[in-house]
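Residue numbers (our numbering): 233 to 314.
This is the structure:
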């Protein structure tokens, strides 16, 4: 997806939970945005990433493994500050 340069609030969504959250500055360009859920012994870990060719990949990871196995809606959102 194409994003304008600026600061964004980046938040993960897993079920009814919206954490973790971080503010991130992104340069103008075309990004690949990925959200993955990995099972760990009956719990889930969510990982989100933003990558742009020629730049380091940025990650947003919920380290809590707090969600029990089940059916959930998941993803992440970018909220521009401009």
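Backbone N, C-alpha and C define an ideal beta-carbon position, used for all residues, glycine too.
Inter-residue spacing [alpha-carbon to alpha-carbon] between residue 233 and residue 261: For the purposes of this step, residue 233 is taken as residue 1 along the chain shown, with counting starting at 1. For the purposes of this step, residue 261 is taken as residue 29 along the chain shown, with counting starting at 1. C-alpha separation (whole angstroms): 8 Å.
If you measure between the beta carbons of residue 254 and residue 265, is that distance less than 8 Å? As a first step, residue 254 is located in the chain shown; it is residue number 22 there, counting from the start. As a first step, residue 265 is located in the chain shown; it is residue number 33 there, counting from the start. No, they are not a contact pair.
Just list the residues that DSSP pairs residue 281 with in beta bridges. In the chain shown, residue 281 corresponds to position 49, counting from 1. In DSSP, residue 281 forms a bridge with 266 and 291.
Using CA atoms only, rank isn't needed, just tell me which of 293, 288, 252 and 278 is closest to residue 315. In the structure as shown, the chain starts at 233 and stops at 314, and residue 315 therefore has no counterpart that could be examined.
For residue 216, list the residues DSSP reports as bridge partners. Here the chain comprises residues numbered 233 to 314, so residue 216 is not present and cannot be evaluated.
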